[in-house]
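As structure tokens, the structure follows; a few thoughts come after it.
Residue numbers (our numbering): 29 to 167.
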């Protein structure tokens, strides 16, 4: 079979998530949409509850404050790597501020001119899964 290689623009369109569609449909997945200045501009109900977010209307709600408990961007934040590379990233980490082990899927978002406009996070709490796995591995 012959497969046509996708252009970078086609791949970016595939990777573009449209957060305005069904943003509150996943109760167990924390979803936030960040602009290019680290402001959370959309959040689903699960995110608002877990992160204790204030109103997003007219406020500059910085992701690093609510995800990491910091006053400035976190240098080691793996999500920021997708901003630098322009590629989606999936990783797991323990977030001390949230007291949880999480799986994060971060997707950079681009406008029609291929300029970076923000990022969407899909965050899943895997604390209990990790604990179960650790217990099963102890012999």
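We treat Cβ as the ideally placed atom computed from N, Cα and C, and that holds for glycine.
| Query | Result |
| --- | --- |
| Proximity of residue 149 and residue 59 at Cβ, strictly below 8 Å | yes |
| Residue 91 versus residue 105 - alpha carbon distance | 11 Å |
| Spatial neighbours of residue 152 in its chain, beta-carbon cut-off 6 Å, leaving aside the 5 residues before and after | 57, 131 |
| Per DSSP, cross-strand counterpart(s) of residue 63 | 146 |
| Per DSSP, cross-strand counterpart(s) of residue 120 | 131 |
| Residue 70, enclosing beta strand (DSSP E) - first and last residue | 68-71 |
| With 16 other Cβ atoms within 10 Å as the buried cut-off, status of residue 72 | buried |
| Own chain partners of residue 129 with C-beta closer than 6 Å, once the 5 adjacent residues on each side are dropped | 122, 154, 155, 158 |
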